[in-house]
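Comments concern the structure below.
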Amino acid sequence: MENKTKYIIYGAGNIGIKFYAFLTSVEKSGCIDAFCDKNYEQIGFIENKACISYEEAKKKAYVFIIALSKEGLAYKKVKELMIEDNNQYMDIDDVFDVFWKDDRDEYYEKYLNELGIDDTNAIDDKLVNNF
């Protein structure tokens, strides 16, 4: 089943870039409209996707994928901002439930393997520690 929803990856650091590379490797990057990052001016583009300001991103009314360490203060602030501005959002691990509902475990394992994590029961802290 093809996902027609458009998404914006919030976070253009290592987590966001590696996640986008994974989506590209499984031919799902077409649903990503842009990246959003506080350093959007310095970043410009990642692959063929623009990195835009939060103000510009929220005008698009797409779903945000938060690609930040859940351990960090930035994650907490961004999540609060999403709630405050009434934006739709999800974390990276939620994407596997949405994109691959029936094959979630297979794609999640592939993602972990590409990150060099061989524990298929890995949880967020293992993902975060890899970056």
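Residue numbers (the numbering used here): -11 to 119. C-beta: ideal position from N, C-alpha, C; glycine also.
Taking 8 Å as the threshold, find out whether the segment -3 to 8 comes into contact with the segment 20 to 27 through three or more Cβ pairs. yes
Determine the contact status of A55 and F7, defining contact as a CB-CB distance below 8 Å. The count along the sequence shown starts at 1 and reaches residue 55 at position 67. The count along the sequence shown starts at 1 and reaches residue 7 at position 19. Against a cut-off of 8 Å, the Cβ pair of F7 and A55 comes out as a contact.
For V51, write down the residues that DSSP places opposite it in a beta bridge. In the sequence shown, counting from the first residue as 1, residue 51 sits at position 63. DSSP lists Y(-5) as partners of V51.
Where DSSP assigns a beta bridge to C24, which residues make up the other side? Position 36 of the sequence shown, counted from the first residue, corresponds to residue 24. In DSSP, C24 forms a bridge with Y(-2) and I40.
Element boundaries [alpha helix (DSSP H), containing Q79]: Position 91 of the sequence shown, counting from 1, holds the residue named residue 79. Per the sequence shown, residue 79 should be read as Asp rather than Gln. Run containing D79: none in the alpha helix (DSSP H); it sits in the beta strand (DSSP E), Y77 to D79.
Close Cβ partners of Y17 (< 7 Å) along its chain, the five nearest in sequence each way excluded: Residue mapping note: residue 17 aligns to position 29 of the sequence shown, counting from 1. Strictly speaking, residue 17 in this sequence is Ser, with Tyr absent from that position. So the list reads Y8 and L11, once near-sequence residues are dropped.
Quick check on the DSSP output: the alpha helix (DSSP H) that includes K98 runs from which residue to which? For this step, residue 98 is matched to residue 110 along the sequence shown. Segment R92 to E102, the alpha helix (DSSP H) holding K98.
Just to check my reading of the structure: M70 and F52 have Cβ atoms closer than 8 Å, yes? What is that Cβ distance to the nearest angstrom? For the purposes of this step, residue 70 is taken as the residue at position 82 of the sequence shown. For the purposes of this step, residue 52 is taken as the residue at position 64 of the sequence shown. In this structure M70 touches F52 by the C-beta definition: roughly 6 Å separates them, less than 8 Å.
Would D85 and R92 qualify as a contact pair, given that the criterion is a beta-carbon distance under 8 Å? Stepping through the sequence shown from its first residue, residue 85 is reached at position 97. Stepping through the sequence shown from its first residue, residue 92 is reached at position 104. Cβ atoms of D85 and R92: closer than 8 Å.
Buried or exposed: which applies to V14, given that a residue is buried once 16 or more other Cβ atoms fall within 10 Å of its Cβ? Within the sequence shown, numbered from 1, the residue matching residue 14 stands at position 26. Counting Cβ neighbours within 10 Å, V14 comes out exposed, since fewer than 16 surround it.
Considering only residues of the same chain and omitting the five flanking positions on each side of I31, which have a CB-CB separation below 8 Å? The sequence position of residue 31 within the sequence shown is 43, counting from 1. So the list reads A0, F23, D25 and C39, once near-sequence residues are dropped.
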